[in-house]
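**Student:** Residue 426 in the working numbering sits at position 36 of the sequence shown; the count goes up by one each step and never skips.
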Amino acid sequence: EAVSLELYAESLCPGCRAFTTGQLYGTWLLLGDIMNVTLVPYGNAQEKHDGDKWVFTCQHGPNECLGNLLQACLIHYLPNNADHVPIIYCMEAAENPVSAASQCAALLAPTLNWQQVETCANGTLGNQLMHSNAQLTDALNPPHKYVPWIVFNGAHTEEIQNKAMEALLPMVCSAYKGELPAACGKLTHCLKRKCKLCVDA
């Protein structure tokens with residue numbers, strides 16, 4: 391059975407970007423066959439109901455809300471890890487994740503209709519997707535105190551969080567019960583990188 395990793399994050403949080411680009415993506419490239427990644431873009435955002443829609447306030451401003459929406463819509467239209475993880479990595483590795491989004495998608499998913507993604511992000515579908523992500527985030531047990539917030543095989547502890555932030559690859563290898571891929575034979579800590587957390591104010 392594949393190892394599961396859920397990442398609760400927000401598009402402009404420096405620590406989320408550092409984890410996605412420094413730990414998650416490299417590990418997923420090597421071990422994607424034995425791990426399932428669930429990305430939940432919302433993070434420390436807040437929502438309130440206004441008429442027939444939800445209004446979101448994001449920790450790093452309106453641009454982060456747009457980034458979260460674009461990512462949620464990308465995941466909706468490209469539900470497989472193989473299709474959306476590289477695009478979200480590309481966004482998070484860019485200087486400006488939001489302005490890079492369309493270029494990342496054009497490069498990595500050339501058949502995707504970007505206009506459809508933008509329509510989603512600016513419309514009812516994106517609003518519903520973000521509300522769903524808000525509910526998933528608010529239902530976390532224990533409740534999240536910061537982002538990135540990592541749930542590994544259904545559990546979150548400080549130890550799990552710290553291990554994942556520092557050396558995710560050996561952690562996935564150790565947790566997998568089946569035949570290990572070749573990458574696990576070279577258990578290296580070359581992916582080590584310290585990440586700053588974005589604390590929920």
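Glycine included, C-beta positions come from ideal geometry on N, C-alpha and C.
Measure the beta-carbon distance from residue 478 to residue 464 and round it to whole angstroms, keeping in mind my assumption that it falls under 8 Å.
**Tutor:** On the sequence shown, residue 478 is found 88 positions in, with the first residue counted as 1. On the sequence shown, residue 464 is found 74 positions in, with the first residue counted as 1. So it is a contact: roughly 7 Å between Cβ atoms.
**Student:** Between the Cα of residue 429 and those of 416, 539 and 490, spot the shortest distance and give me the residue it belongs to.
**Tutor:** Numbered from 1 along the sequence shown, position 39 holds the residue referred to as residue 429. Closest by alpha carbon: 539.
**Student:** How should residue 401 be labelled, buried or exposed, when 16 other C-beta atoms within 10 angstroms of its C-beta is the threshold for buried?
**Tutor:** Within the sequence shown, residue 401 is the residue found at index 11, counting from 1. Counting Cβ neighbours within 10 Å, residue 401 comes out buried, since at least 16 surround it.
**Student:** Would residue 457 and residue 476 qualify as a contact pair, given that the criterion is a beta-carbon distance under 7 Å?
**Tutor:** Residue mapping note: residue 457 aligns to position 67 of the sequence shown, counting from 1. Residue mapping note: residue 476 aligns to position 86 of the sequence shown, counting from 1. No, the pair does not count as a contact, with Cβ atoms beyond the cut-off.
**Student:** Quick one: measure Cβ to Cβ for residue 446 and residue 435, integer angstroms, because I've assumed they're closer than 8 Å.
**Tutor:** Here residue 446 refers to the residue found at position 56 when the sequence shown is read from its first residue. Here residue 435 refers to the residue found at position 45 when the sequence shown is read from its first residue. About 5 Å separates the two Cβ atoms, so the contact holds.
**Student:** Could you give the first and the last residue of the continuous beta strand (DSSP E) run that contains residue 338?
**Tutor:** There is no way to answer for residue 338, as the model of the chain reaches only from 391 to 591.
**Student:** Skipping 5 residues on each side, what residues in its chain have a beta carbon closer than 8 Å to that of residue 575?
**Tutor:** For the purposes of this step, residue 575 is taken as the residue at position 185 of the sequence shown. None.
**Student:** Could you tell me which residues DSSP puts in a beta bridge with residue 542?
**Tutor:** Taking the first residue of the sequence shown as position 1, residue 542 is located at position 152. Note: residue 542 sits in a beta bridge opposite 395 and 545.
**Student:** At 4 residues or longer, and completely inside the stretch 505-544: list those alpha helix (DSSP H) runs for me, N to C.
**Tutor:** Those alpha helix (DSSP H) runs which fall completely within the stretch 505-544 and span 4+ residues are 514-528.
**Student:** State the beta-bridge partners of residue 443 as determined by DSSP.
**Tutor:** Position 53 of the sequence shown, counted from the start, is the residue given in the question as residue 443. Partner(s): 440.
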